[in-house]
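Colleague: Under the numbering used here, residues 25 to 713 are what the sequence shown spells out, in order.
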Amino acid sequence: MGYKLVIAEKPSVAQSIAKVIGANERKDGYLEGNGYLVSWCFGHLIELAEPQNYDDRYKAWNIESLPIVPEHWKYLVSSSTRKQYTLLKKLMERKDVDSLVEATDAGREGELIFRLVYSQTGSRKPFERLWISSMEDAAIKEGFEKLLPSAAYDALYESALCRERADWIVGINATRLFSCIYGETLNIGRVMTPTLALTVDREKDISSFVPVPFFTVTLHFPEFDVLSRRYETQDEAAHLMDACMQEKEAVVESVEKKQKMEKPPLLFDLTSLQREANRTLGFTAKQTLDYLQSLYEKKLVTYPRTDSRYLTDDMAEMLPDLCHSVAEKFGWKEKLFVHSEQVINSKKVTDHHAVIPTKSMVKSKLEDLPRGEKEVLTLVASRLLAAVGEPVKYTETRAVLKSGGADFTTKGRTVQDAGWRLLDRFFSRKKEKEVAVLPDLQEGSRLAFTGSECREGKTESPKHYTEDSLLAAMEKAGAKETPDEAERKGLGTPATRAAIIEKLVSKGFLNRVSDKKVKNLIPTETGKALIRAVPEKIKSPSMTAEWEQKLLQVEKDQLQPEEFMDEIEEMVRAIVQETEKQEDIKGMNEKKIIGKCPVCGSDVMETRKGWFCSCQDCHFGLWRDNAYFKKIGKELTEPVVTALLSDGQTKLVGCTSQRTGKKYNAILHMTADEKQRPSFHMEFEKRST
């Protein structure tokens, strides 16, 4: 019996796996033992070929060569990782290797990394899938006992291919198109550009915001203050204050008390953890992901790249012991409540459950961790204990007092049970802002106030995006257009959002600008120019969010990959053609008018690419490189176009049948369809030989 070859994503992960399965003998680039060979990738070993690898004419950037849509996709071995690829290929080809185990990260990108290597080597050896959510020894051992058939993840691989190829097609074509038009390199991405558009739109809102002044009157009592409604003018507020000063007291009109509860927060998925770490620790999304990935590889937390905030049903039994161990590890000495049912729901778990500490964390030396990792681990631990904790119970009091003929209001809160907030305060070591506690107010009683004042305020403009708020916006982008039953919404995925933000910064489209204790994400002039340049289709969060949902459908085998890619290709072709048309229209005054548009009646002009309606809002056009005319062996010429525009038809002589190769004559009729595009049909004459 031969070896099983296990391929992990990183050396550190490979070493952890090798230790558990007994492959302890070190070799050059792999480990061996107990019937296993264990090796690794260094991220993506295989990458998509550049356009020039398909055709030399793509070496030069020009609009005429667009769109670039490969008929057969080419992949190349990354030059920086060729040595490791060569080793993996040799290991796969070894005669004593009977089968493989795919042990890359359990997600879309991990699937892509392994499958591309497997495909590039041409291997046909069977392989199984290791799918685990923790790097603990017990989880690895259980995973190897329950290896899954490779076919179970074929749809996930197809989704990963679609994501990669869609990004390539949109990025290559849009970048070249708009770079050529505007004379400078404008890097455009399928997810990156809509994300940038969010920040540009926010800055527009901020710059166009006009603050509106308002005025309020405050009455001071020994134990509390009351506030009037807002007034548009200072005179109105001053008049009220004068009236109050004459009365020197206020009457308690109403006192309303409500018993309320604040439920514990949900567990962390990656995005919510990144937001919390940015808000409380100032970490960027990438820093949080890096710290979390390191903690995962050290077996201290579960799988980081998750979009779930619940645990699976089978984890209910182990959860109380884990929670008590975590609490003891961090020094919590009070009574601990563990309501497991609050976080257990298999129906709300997708590929991986929420991020939580592992049992191995309890035995680790936290003091040996780097500061950033320790702080992120503390967040994860505190959230677990808070999520299973007691609700906060409090009484909210709202009182209305009347003076000077106007109502004044105030609110207070009395906490009966601090619940999970006690844990939150213990871990954060921060004091919560005190909430006013109102005295026992009785309806109808009269209270003398000690002073009053008129205050001027202004309406506040929208806030600049921070890492926290931009992640939230990316997560919610297009939510209104996405079905409620969709499991994943927004721009990108939890695993990719940090990289998108970092790329926008590194490309010079966003700057991190410090403001007090936070760093705002502000678009640069280059970023603003890019968003002005690209069409709505590319910068629309709604459309990109829709694509993410369709990628999920591909992953679940609910949508054919070909259908998804056809949509992407059609969209890119339309963008190229429409943009070329608009560029040609800029010089229409020098072009020849050859007829009237059958859609809107505007002039149709001749351009280097064809004949197009001069109306910016009309999409009618006839391209010289016309697929319909190619099919019948004819060229679209100016006389033919002129006749079609004036009469809606023209006679074509010497058309060629694709099926038989014979010649025939026909009357060609043209109309415009519902999308303002030309539609043709033929009325056949007797065929000639």
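For each residue, glycine too, the CB sits at the ideal point set by N, CA and C.
This one's a predicted model, so the numbers in the text were calculated from it and none came from an experiment.
Entirely within the segment 299 to 385 and at least 3 residues each: give me those beta strand (DSSP E) ranges in chain order.
Modeller: none
Colleague: Among K500, E286, V367 and L343, which residue has its Cα nearest to the Cα of D441?
Modeller: Translated into the one-based positions of the sequence shown, residue 441 becomes position 417. When only C-alpha atoms are compared, the closest one is E286.
Colleague: Assuming F644 contacts Q601 under a Cβ cut-off of 8 Å, what Cβ separation, rounded to an integer in Å, is found between them?
Modeller: Numbered from 1 along the sequence shown, position 620 holds the residue referred to as residue 644. Numbered from 1 along the sequence shown, position 577 holds the residue referred to as residue 601. Actually they are not in contact, since the Cβ atoms of F644 and Q601 sit about 12 Å apart, beyond 8 Å.
Colleague: Looking at C-alpha atoms only, which residue of N544, Q39, T490 and M706 is the closest neighbour of Y688?
Modeller: The residue you call residue 688 lines up with position 664 of the sequence shown. Comparing Cα positions, the closest option is M706.
Colleague: Are K281 and T434 touching if we call contact CB-CB under 7 Å?
Modeller: Within the sequence shown, numbered from 1, the residue matching residue 281 stands at position 257. Within the sequence shown, numbered from 1, the residue matching residue 434 stands at position 410. With contacts defined by Cβ atoms closer than 7 Å, K281 and T434 do not form a contacting pair.
Colleague: Reducing DSSP to helix, strand and coil, say where W155 ends up.
Modeller: One-based indexing of the sequence shown puts residue 155 at position 131. If DSSP states are grouped into helix, strand and coil, W155 belongs with coil.
Colleague: Alpha carbon to alpha carbon, how far is F292 from L305? Give it in angstroms, no decimals.
Modeller: Numbered from 1 along the sequence shown, position 281 holds the residue referred to as residue 305. Numbered from 1 along the sequence shown, position 268 holds the residue referred to as residue 292. Rounded to whole angstroms, L305 and F292 show a C-alpha spacing of 16 Å.
Colleague: Between G625, C624, D649 and L335, which lies nearest to T631 when the distance is taken from Cα to Cα?
Modeller: In the sequence shown, counting from the first residue as 1, residue 631 sits at position 607. Per the Cα distances, D649.
Colleague: Just mark H488 as buried or exposed, buried being the case when its beta carbon has 16 or more other beta carbons within 10 Å.
Modeller: Residue mapping note: residue 488 aligns to position 464 of the sequence shown, counting from 1. The residue is buried, with at least 16 neighbouring Cβ atoms inside 10 Å.
Colleague: Quick check on V279: does DSSP put it in helix, strand or coil?
Modeller: Against the sequence shown, residue 279 aligns to sequence position 255. Strand at V279.
Colleague: Buried or exposed for M342, going by 16 or more other Cβ atoms inside 10 Å?
Modeller: Here residue 342 corresponds to residue number 318 of the sequence shown, with the count starting at 1. Exposed, by the Cβ-count rule.
Colleague: What would DSSP say about R214, mapped onto helix, strand or coil?
Modeller: As a working mapping, residue 214 is identified with position 190 in the sequence shown. Three-state DSSP puts R214 in coil, outside helix and strand.
Colleague: Where do the N-terminal and C-terminal ends of the alpha helix (DSSP H) with D259 fall, by residue?
Modeller: The count along the sequence shown starts at 1 and reaches residue 259 at position 235. Where D259 is concerned, the enclosing alpha helix (DSSP H) stretches over Q258 to E271.
Colleague: Could I get the ranges of all uninterrupted beta strand (DSSP E) runs contained in the segment 623 to 682, with 3 residues as the minimum, in chain order?
Modeller: 627 to 630, 634 to 637, 645 to 647 and 673 to 680
Colleague: Is it true that the segment 63 to 82 meets the segment 133 to 148, where meeting means three or more beta-carbon pairs spaced less than 8 Å apart?
Modeller: yes
Colleague: Once DSSP output is grouped into helix, strand and coil, what is the label at F245?
Modeller: What you label residue 245 is simply residue 221 of the sequence shown in a count that begins at 1. Coil.
Colleague: To the nearest angstrom, report how far apart I205 and Q258 are at their CA atoms.
Modeller: The count along the sequence shown starts at 1 and reaches residue 205 at position 181. The count along the sequence shown starts at 1 and reaches residue 258 at position 234. For I205 and Q258, the distance between alpha carbons rounds to 54 Å.
Colleague: Measuring CB to CB, does I592 end up less than 7 Å from A176?
Modeller: Position 568 of the sequence shown holds residue 592. Position 152 of the sequence shown holds residue 176. No, the Cβ-Cβ distance between I592 and A176 is not below 7 Å.
Colleague: Does the segment 539 to 556 come within contact of the segment 581 to 588, defined as at least 3 CB pairs closer than 8 Å?
Modeller: no
Colleague: Check the C-beta distance from M519 over to R333 and give it rounded, since I have them as a contact under 8 Å.
Modeller: Your numbering for residue 519 matches position 495 in the sequence shown. Your numbering for residue 333 matches position 309 in the sequence shown. The amino acid occupying residue 519 in the given sequence is Ala; Met does not appear at that position. That pair is no contact at about 15 Å.
Colleague: Got a sec, what are the start and stop residues for the beta strand (DSSP E) L55 sits in?
Modeller: Translated into positions along the sequence shown, residue 55 becomes position 31. It spans L55 to G57 - the beta strand (DSSP E) in which L55 sits, taken as one unbroken run.
Colleague: What's the call for W155, buried or exposed, on a 16-neighbour Cβ count within 10 Å?
Modeller: Here the question's residue 155 lines up with position 131 in the sequence shown. With 16 or more Cβ atoms within 10 Å of its Cβ, W155 is classed as buried.
Colleague: Tell me the DSSP bridge mates of M706?
Modeller: Residue numbering aside, residue 706 sits at position 682 when the sequence shown is read from its first letter. For M706, which the question treats as bridged, DSSP gives the partners L692.
Colleague: Measuring straight from C-alpha to C-alpha, what distance separates L319 and S231?
Modeller: Numbered from 1 along the sequence shown, position 295 holds the residue referred to as residue 319. Numbered from 1 along the sequence shown, position 207 holds the residue referred to as residue 231. Spanning the two alpha carbons is a distance of roughly 42 Å.
Colleague: Taking the beta strand (DSSP E) that N197 belongs to, which residues open and close that run?
Modeller: Looking up residue 197 in the sequence shown gives position 173. First-last for N197: D178 to Y206, but that is the alpha helix (DSSP H), not the beta strand (DSSP E).
Colleague: If you follow the beta strand (DSSP E) that D441 is in, where does it begin and where does it stop?
Modeller: Taking the sequence shown and counting its residues from 1, the one referred to as residue 441 is at position 417. Start and end: A430 to D441.
Colleague: Ordered along the chain, which non-local residues of its own chain (more than five positions away) have a Cβ less than 7 Å from that of K610?
Modeller: As a position in the sequence shown, residue 610 is number 586, starting the count at 1. With a pLDDT of only 47 at K610, under the threshold of 50, the placement of this residue in the model should not be trusted, and no figure is reported.
Colleague: Quick check on Y109: does DSSP put it in helix, strand or coil?
Modeller: Within the sequence shown, numbered from 1, the residue matching residue 109 stands at position 85. Here Y109 sits in helix by DSSP.
Colleague: Would you list the residues sitting across from C478 in a DSSP beta bridge?
Modeller: One-based indexing of the sequence shown puts residue 478 at position 454. In DSSP, C478 forms a bridge with V241.
Colleague: Which one of R597, F307 and K658 has the shortest CA to CA distance from K198?
Modeller: Taking the sequence shown and counting its residues from 1, one reaches residue 198 at position 174. Correcting the residue type first, residue 198 is Ala in the shown sequence and not Lys. It is R597.
Colleague: Exposed or buried, which one is P463 when buried takes at least 16 other CB atoms within 10 Å?
Modeller: Locating residue 463 in the sequence shown gives position 439, counting from the first residue. So P463 ends up on the exposed side.
Colleague: Whole angstroms is fine: what's the gap from L264's alpha carbon to K426's?
Modeller: As a position in the sequence shown, residue 264 is number 240, starting the count at 1. As a position in the sequence shown, residue 426 is number 402, starting the count at 1. Whole-angstrom Cα-Cα distance: 11 Å.
Colleague: Can you give the beta carbon distance from F151 to V125, rounded, assuming they're within the 8 Å contact cut?
Modeller: Here residue 151 refers to the residue found at position 127 of the sequence shown. Here residue 125 refers to the residue found at position 101 of the sequence shown. The pair is a contact, with the Cβ atoms about 7 Å apart (cut-off 8 Å).
Colleague: Can you have a look at F307 and say buried or exposed, based on whether 16 or more other CB atoms are within 10 angstroms of its CB?
Modeller: Here residue 307 corresponds to residue number 283 of the sequence shown, with the count starting at 1. Residue environment for F307: buried (at least 16 other C-beta atoms within 10 angstroms of its C-beta).
Colleague: Can you check whether the CB of T421 is closer than 7 Å to the CB of P235?
Modeller: Residue numbering aside, residue 235 sits at position 211 when the sequence shown is read from its first letter. Residue numbering aside, residue 421 sits at position 397 when the sequence shown is read from its first letter. Not in contact: P235 and T421 (Cβ atoms no closer than 7 Å).
Colleague: Mind checking S681: buried by the 16 CB within 10 Å criterion, or exposed?
Modeller: What you label residue 681 is simply residue 657 of the sequence shown in a count that begins at 1. Classification of S681: exposed, given that the 10 Å Cβ count is below 16.
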